[in-house]
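Colleague: Under our numbering, the first residue of the sequence shown carries the number 521, and numbering increases by one thereafter.
The beta carbon of each residue, even a glycine, is placed where N, CA and C say it ideally should be.
Here the structure is a predicted model, which means the values were calculated and not measured.
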Amino acid sequence: MALLPPDPVYCLKSPDLSPFHSLCFHTSERIYAGTAKGTVQLWDLQTNRTTYRLPVGPSPVIALAHTEDALLTQEKNDCVVKLWQLTNSAYVQRHELRTDHVGFCRFVYNPTAEGGPAVIVPRGGANISILCGRTLAERQQLSVEDGGAGLPPLGTVMCFLPVQLAANGGASYLLAGYESGTLVLWDLNCSKVVSHLKLATADDECLMTLDYDPVTNRGVAGGSSDRITVFSLDRQTGEIRRKSDIGIKNAGVHRLRIRKDLKVFSSAGWDGRIRIFSWKSLRPLAVLTEHRGGELLDLAYSEDKVSMWKAVIMAAAGSDGQISLWDLYN
521 MALLPPDPVY CLKSPDLSPF HSLCFHTSER IYAGTAKGTV QLWDLQTNRT
571 TYRLPVGPSP VIALAHTEDA LLTQEKNDCV VKLWQLTNSA YVQRHELRTD
621 HVGFCRFVYN PTAEGGPAVI VPRGGANISI LCGRTLAERQ QLSVEDGGAG
671 LPPLGTVMCF LPVQLAANGG ASYLLAGYES GTLVLWDLNC SKVVSHLKLA
721 TADDECLMTL DYDPVTNRGV AGGSSDRITV FSLDRQTGEI RRKSDIGIKN
771 AGVHRLRIRK DLKVFSSAGW DGRIRIFSWK SLRPLAVLTE HRGGELLDLA
821 YSEDKVSMWK AVIMAAAGSD GQISLWDLYN
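Pasting the structure below:
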């Protein structure tokens, strides 16, 4: 007999019924959630209640990250990135940058970047900027015109992730997925493209999310298609190699996340389903259907065990105004 999918350990419901667009754990006892109404809600996982509400702007908050003493936010309209300093009683805005990006690409915070913490943001078209994580001043720009000789038309940048080709460190690179369905590896030391590979098999397929594990040298990428592509990187040449495809019943993936212990990875679907896969075998383990009122927009794992449930928790944000919390295969 097949095992029934597990139930969530808890579901947090937005006080104003606003859809959730982004999630970020700050320690394992607090979770920040960006809403469609342009606010960030802070949830205490000891009481499962909101303890703080930050008005960010007029448009959905599609990306969040927390540094040691600041909160980073990104709004959908004009892709405005803001840095909010944590004071004794509130968050105060210190810096702001309008990136001119039109699309859904989310910034990535890299606390271990060379030269200090960095924020990687989408710019206009296919271009990407790397900013200082403390001031949002631009450090570096990755321009297709300057560093992408020989590339096919890419369209708008849709997602990216800093990676290292050696499991124990080494030179810094950036994997980026584009509207054309092409995956590109940038060398951050010289702002040049190392390799590229078209993952899309149809003209209307775009990449929207990716994740990579340097230990097993495997990554996953997904987007508007009905499959998740597994790829690897040649550690010597940087060549991107397609390994296999995992079919999913309904097309569309907003988010892919590999858990830190490398036991499982998860996908957040346009169909509102969370799909859990074994990272070792890539075999599907569960399909979670708690969010039935719309699509899933973000996934996040706690860094450590949440004391309430004594386990690493996965959080899923939905357009149904819920954050579901899960204890899965720990």
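1. Going by DSSP in three states, PHE726 sits in which element: helix, strand or coil?
2. Jot down the residue ranges of each uninterrupted alpha helix (DSSP H) in the region 819-847, minimum 4 residues, whole runs only, in chain order.
3. Could you please give me the residues that DSSP links to ASP553 through a beta bridge?
4. What distance in whole Å lies between the Cβ atoms of ARG643 and ASP620, which are believed to be in contact at a cut-off of 8 Å?
5. If ILE503 sits next to LEU705, beta carbons under 8 Å apart, how far is it from one beta carbon to the other, in whole angstroms?
6. For GLY739, count neighbouring Cβ atoms within 10 angstroms of its own Cβ and tell me buried if that reaches 16, exposed if not.
7. So, is PRO578 buried or exposed, given that buried needs 16 or more other C-beta atoms within 10 angstroms?
8. In or out: VAL600 buried (at least 16 other Cβ within 10 Å) or exposed?
9. In whole angstroms, give me the CA-to-CA distance for LEU674 and MET828.
10. Between which two residues does the alpha helix (DSSP H) holding ASP576 run?
11. Run the CB neighbour count on ASN647, radius 10 Å, all protein chains shown included, and call it buried at 16 or more, exposed below.
12. Which whole runs of the beta strand (DSSP E) in the region 700-786 are 3 residues long or more, in chain order?
13. Run the CB neighbour count on VAL677, radius 10 Å, all protein chains shown included, and call it buried at 16 or more, exposed below.
14. Classify GLU595 as helix, strand or coil using the three-state DSSP reduction.
15. Please classify CYS679 as buried or exposed, where buried requires at least 16 neighbouring CB atoms within 10 angstroms.
16. For a quick check, are the C-beta atoms of ASP731 and ARG795 less than 8 Å apart?
17. Between ARG755 and LEU685, is the Cβ-Cβ spacing less than 8 Å?
18. Would you check if the region 620-635 and the region 563-580 touch, i.e. whether three or more CB-CB distances between them fall below 8 Å?
19. GLY758 to VAL714, Cα distance in whole Å?
20. Start and end of the alpha helix (DSSP H) containing GLU658?
21. Per DSSP, which one or two residues make a beta bridge with GLN684?
22. If I measure Cβ to Cβ from PHE751 and keep anything under 8 Å in the same chain, skipping five residues before and after, which residues do I get?
23. DSSP on GLU588, reduced to helix/strand/coil?
24. Could you give the distance in angstroms between the alpha-carbon of SER538 and the alpha-carbon of PRO682?
25. Run through DSSP, which three-state label would MET521 get?
26. Quick check on DSSP: helix, strand or coil for GLU616?
27. Just verifying my parser: in three-state terms, what is the DSSP assignment at GLY789?
28. Could you give the first and the last residue of the continuous beta strand (DSSP E) run that contains LYS533?
29. Below 8 Å CB to CB, which residues in the same chain sit around PRO575 once its five sequence neighbours on both sides are set aside?
30. Rounded to a whole number of angstroms, what is the C-alpha to C-alpha distance between GLU595 and ALA583?
31. Suppose you measure from the CA of GLY701 to the CA of ALA638; what does that come to, to the nearest Å?
32. If the criterion is Cβ atoms closer than 8 Å, does the pair TRP488 and HIS774 meet it?
33. Closest to ALA669 by CA distance: which of SER711, TYR698 and PRO631 is it?
34. Flag this pair as yes or no: are the beta carbons of LEU817 and GLY838 separated by less than 8 Å?
35. So, at 6 Å on beta carbons, what are the nonlocal neighbours of ASP598 in its own chain, with the 5 sequence-adjacent residues on each side left out?
Modeller: The relevant details are as follows:
1. Rather than Phe, the amino acid found at residue 726 in this sequence is Cys. Looking at CYS726 - three-state DSSP - the assignment turns out to be coil, as it is neither helix nor strand.
2. none
3. Checking the displayed sequence, the identity of residue 553 turns out to be Ala instead of Asp. Looking at the DSSP assignment, ALA553 forms a beta bridge with LEU543 and GLN561.
4. 6 Å
5. Here the chain comprises residues numbered 521 to 850, so residue 503 is not present and cannot be evaluated.
6. buried
7. exposed
8. buried
9. 45 Å
10. The sequence given here places Val at residue 576; Asp does not occur at that position. No alpha helix (DSSP H) contains VAL576, which DSSP labels as neither H nor E.
11. buried
12. 702-707, 712-718, 727-733, 738-743, 747-753, 760-767 and 773-778
13. buried
14. strand
15. buried
16. no
17. yes
18. no
19. 6 Å
20. Per DSSP, GLU658 belongs to no alpha helix (DSSP H); it is in the beta strand (DSSP E), 658-662.
21. SER692
22. LEU703, LEU717, LEU719, ARG738, GLY739, VAL740, ALA741, ILE760, ARG761, ARG762 and LYS763
23. coil
24. 31 Å
25. Below a pLDDT of 50, predicted positions are generally treated as unreliable, and MET521, at 36, falls in that range; the measurement from the model is reported next regardless. Here MET521 sits in coil by DSSP.
26. strand
27. strand
28. 530-533
29. GLY558 and THR559
30. 7 Å
31. 26 Å
32. Because the chain is modelled from 521 through 850, residue 488 falls outside the range shown and cannot be assessed.
33. SER711
34. yes
35. ARG618
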